[in-house]
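Since the structure comes first, as structure tokens, the remarks are kept for the end.
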Amino acid sequence: MAEGSFLGSCSEDALRPRGSRFTAPWSEVEKPAFGPRHLPDDGANLIQVIARSLPAPITTPGTSGRCKTQRNLTGASAPQIRRSLARAWRMMLALQINEAFAEIDRIELEIGDLPTEVGERFRAATELLRAVGLAFEDDSLAALSIAESCLKKAAYGEDHHVASTLCHFLYWQLGELETFYALPRWPPDARTGRSQTLSAVFNLSIEAAMELEQLHFTTAARLASDAREISEAGLRSAAGLAALPVCLTAQVLYEEGYLDAAEVMLRDKLSAISAQGSVECALRGYLVLARIARHRMQWDLAALLLREAEALGGRRGWPRLVAASIAERALLLLQEGRLNEARACVEHLDRAAQTHNVGSAHRRSEVVRCRTLTYWRVSWAESPSIEAAAAFRLLYHQALERHELYTACQLAIELAGMLAHIGETHEADTLFFRTLQVGSSTGLYQVFMDRGAGVGALLKRAYAYAQGPEPGGHRALLPYLGSLSACLDARDAKRASAKPWSKASDGLSTRECEILALISRGLANKRVAQSLNISPETVKSHIKRIFLKLAVSTRTEAVSRAGELGLL
């Protein structure tokens, strides 16, 4: 090494990096050997001025190969970083994801100025928080790789608890059930602190979602109820997370046919879901409310809810929510015979997959599944074909392979209708009757109401078969089948007299939102007209359309519903 070079003036130990930080002490560089050769005289003085302006050095443990002192370049201390981490957690739980990531980046810069042992613990905490953020962004695969690493590093304590909860969530979301059940189950305990409360609520909610997908409705409702009780006692400030068990409870109530109870539960939480809820909250909350509105023939309200869900998915970067909302809207359009608009939804799904950053393979597979399902539904509505039935049969078997029994039942009912239509009556009746047996034993109810006109004929044949004289038959199913038949008849009678779906069903217009905002302040029609420089008759016309779209009959109800939907 050349004499007088910078490398020649420092020892090997002094040059060894600490983390990602340069650790050579400034006190040893007051007169660098390269100063006279490469800088003018005032250059060497400039280095001394910069050195004197830096914060005082901190002392680190004298370990082998490390400097005993290094300058604290950021001025951070362990208590400050601990407070910053708490602030980042609050941002993350409020779904301020970008702000939380920016805070994590800043913390990671400051960690380099801490002693090695302390810095490593903080670095593990920031990695775990980053994994949580990726999970909230619905990037399951990226989150899982970090969460698994954190779980191995943290053998005990709060970080281990959070990492275990996160892995549980991601294994469930990715359908890795064997790995999910292989992880140890943490008994719910909200008494030891906020972190344990969060984990308890989330773990119970994950288990409830798992049980719901397996059609164990009673267990799912019990687990979700336990999660709600814990969240109401200890998570008043985390409204978004507390909404998840509420959404799960409402979904169980809906599938069991208790639509009024499900709607009451979700209405109060919709604003929290929109502001701070996770993608799982939004998928359940918005879609269940839209299906309730569809069942009541409140077409415009259903379309409005789905548009709001799609917009929320776009803002949050949740392609799964965008795709699910479009697919549900297409089903709504097909059931009302609006084929051209349903066909446009397929094109919309194609654009959504390209426009939104789908990213992980898991998200892409979910978006592709929604697109495939919608494509074949539209294709069948245009011209029933063996190809469409075969595609639905494949989707049904894929759902069974993923152990998604709830989804499989939905697909089975549609597939049975298709098979019956193309003359495969025996297979159709067998599949439908088997689904009815599952529904009777699990309490599945509403799914039969939601699956189109072909269900009625299938149900009549199933009733006749169950009523047959064969010994050891299925007469025990007759009460269940009779109840379903009565509800279907009542629905069809109501649909025959229902008002048609208006053409302007894409949500409230800008003018309607302006009028709604003014009447929420108590202004009469005349004052609203003066404020907007339009006639009172025009205001009345707009208000009628607002009432129709929101499925309300008074100003107070309109303002209340708009507030629940986040429109004000």
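The sequence shown begins at 1 in full-length UniProt numbering and counts up by one. In this text, a Cβ means the ideal position worked out from N, Cα and C, and glycines have one as well.
Rounded Cβ spacing between residue i and residue j (contact assumed at less than 8 Å)
{"i": "Ala-262", "j": "Ile-292", "result": "7 Å"}
{"i": "Ala-420", "j": "Leu-458", "result": "6 Å"}
{"i": "Ile-146", "j": "Ala-124", "result": "That pair is no contact at about 10 Å."}
{"i": "Phe-136", "j": "Met-92", "result": "7 Å"}
{"i": "Arg-371", "j": "Ala-353", "result": "7 Å"}
{"i": "Ala-243", "j": "Ala-272", "result": "5 Å"}
{"i": "Val-539", "j": "Ile-515", "result": "6 Å"}
{"i": "Ile-111", "j": "Ile-81", "result": "7 Å"}
{"i": "Ser-520", "j": "Ala-529", "result": "In fact, because the Cβ distance is near 16 Å, the residues do not count as touching under 8 Å."}
{"i": "Ser-205", "j": "Ala-227", "result": "5 Å"}
{"i": "His-362", "j": "Leu-141", "result": "6 Å"}
Residue j beta carbon less than 8 Å from that of residue i
{"i": "His-161", "j": "Leu-151", "result": "no"}
{"i": "Cys-247", "j": "Leu-223", "result": "no"}
{"i": "Leu-174", "j": "Leu-405", "result": "no"}
{"i": "Leu-550", "j": "Ser-531", "result": "no"}
{"i": "Gln-276", "j": "Leu-567", "result": "no"}
{"i": "Gln-467", "j": "Arg-461", "result": "no"}
{"i": "Glu-336", "j": "Trp-299", "result": "yes"}
{"i": "Ala-163", "j": "Leu-128", "result": "yes"}
{"i": "Arg-561", "j": "Met-297", "result": "no"}
{"i": "Trp-186", "j": "Ser-199", "result": "yes"}
{"i": "Phe-433", "j": "Tyr-480", "result": "no"}
{"i": "Ala-86", "j": "Gly-133", "result": "no"}
{"i": "Leu-400", "j": "Ala-408", "result": "yes"}
{"i": "Ala-143", "j": "Leu-170", "result": "yes"}
{"i": "Leu-395", "j": "Leu-411", "result": "yes"}
{"i": "Leu-114", "j": "Leu-565", "result": "no"}
{"i": "Leu-477", "j": "Ser-440", "result": "yes"}
{"i": "Ile-413", "j": "Arg-369", "result": "no"}
{"i": "Thr-249", "j": "Ser-231", "result": "no"}
Top-ranked residue by Cα proximity to residue i, from the options
{"i": "residue 613", "options": "Val-455, Ser-225, Ser-231 and Ser-383", "result": "Coverage of the chain is limited to positions 1 through 568, which leaves residue 613 absent and any answer about it impossible."}
{"i": "Glu-229", "options": "Leu-394, Leu-253 and Phe-202", "result": "Phe-202"}
{"i": "Glu-211", "options": "Pro-245, Ile-107 and Phe-433", "result": "Pro-245"}
{"i": "Ala-154", "options": "Tyr-480, Ala-412 and Thr-126", "result": "Thr-126"}
{"i": "Gly-257", "options": "Thr-554, Pro-479, Ser-278 and Gln-446", "result": "Gln-446"}
{"i": "Glu-148", "options": "Glu-207, Leu-183, Glu-120 and Ala-290", "result": "Leu-183"}
{"i": "Leu-301", "options": "Cys-409, Ile-515 and Tyr-286", "result": "Tyr-286"}
{"i": "Ser-541", "options": "Ala-524, Glu-427, Glu-512 and Pro-479", "result": "Glu-512"}
{"i": "Glu-537", "options": "Leu-484, Arg-82, Asn-525 and Phe-392", "result": "Asn-525"}
{"i": "Leu-548", "options": "Gly-423, Leu-508, Arg-527 and Thr-197", "result": "Leu-508"}
{"i": "Phe-217", "options": "Gly-443, Phe-122 and Thr-165", "result": "Gly-443"}
{"i": "Asn-98", "options": "Leu-523, Arg-316, Val-288 and Glu-120", "result": "Arg-316"}
{"i": "Asp-350", "options": "Ala-327, Ile-81, Leu-334 and Leu-333", "result": "Ala-327"}
{"i": "Pro-79", "options": "Met-418, Ile-107 and Ser-278", "result": "Ile-107"}
{"i": "Gln-251", "options": "Ala-208, Ser-483 and Glu-347", "result": "Ala-208"}
{"i": "Leu-331", "options": "Gly-313, His-295 and Ser-440", "result": "His-295"}
{"i": "Gly-423", "options": "Tyr-375, Leu-305, Thr-556 and Ala-389", "result": "Ala-389"}
{"i": "Ala-220", "options": "Ser-231, Leu-477, Gly-240 and Leu-253", "result": "Leu-253"}
{"i": "Phe-448", "options": "Ala-486, Glu-158, Thr-425 and Tyr-171", "result": "Ala-486"}
{"i": "Leu-339", "options": "His-362, Arg-307, Leu-304 and Val-378", "result": "Val-378"}
{"i": "Asp-260", "options": "Ser-231, Ala-290 and Ala-233", "result": "Ala-290"}
{"i": "Gly-157", "options": "Arg-121, Thr-179, His-348 and Leu-141", "result": "Arg-121"}
{"i": "Ser-278", "options": "Ala-558, Asp-138, Val-367 and Arg-83", "result": "Asp-138"}
{"i": "Gly-522", "options": "Thr-554, Thr-510 and Asn-533", "result": "Thr-554"}
Chain C within 8 Å of residue i, Cβ atoms only
{"i": "Arg-393", "result": "In the structure shown, chain C does not exist; there is a single protein chain."}
If you scan the stretch 382-466 from start to end, which runs of the alpha helix (DSSP H) of 4 or more residues do you find wholly inside it? If we require 4 residues or more, the alpha helix (DSSP H) runs fully inside the stretch 382-466 come out as 386-401, 405-421, 425-442, 446-449 and 455-466.
For the stretch 89-177, which segments carrying the alpha helix (DSSP H) assignment without a break, of at least 4 residues, lie completely within its bounds, in sequence order? As far as the stretch 89-177 is concerned, its whole alpha helix (DSSP H) runs of at least 4 residues are 97-111, 116-136, 140-153 and 157-174.
Considering only residues of the stretch 237-266, which uninterrupted alpha helix (DSSP H) runs meet the minimum length of 4 residues and lie entirely inside it, listed in chain order? 239-255
Cβ contact (3+ pairs, closer than 8 Å) linking the stretch 341-354 and the stretch 383-392: no
Three or more C-beta pairs below 8 Å linking the stretch 277-284 and the stretch 319-336: yes
So within the UniProt domain "HTH luxR-type" (501-566), which uninterrupted alpha helix (DSSP H) runs reach at least 4 residues, ignoring any that extend past its ends? 510-520, 525-532, 536-550 and 555-564
At what residue ranges does the stretch 270-353 contain a whole run of the alpha helix (DSSP H), taking only runs of 4 or more? As far as the stretch 270-353 is concerned, its whole alpha helix (DSSP H) runs of at least 4 residues are 270-276, 279-295, 299-316 and 319-335.
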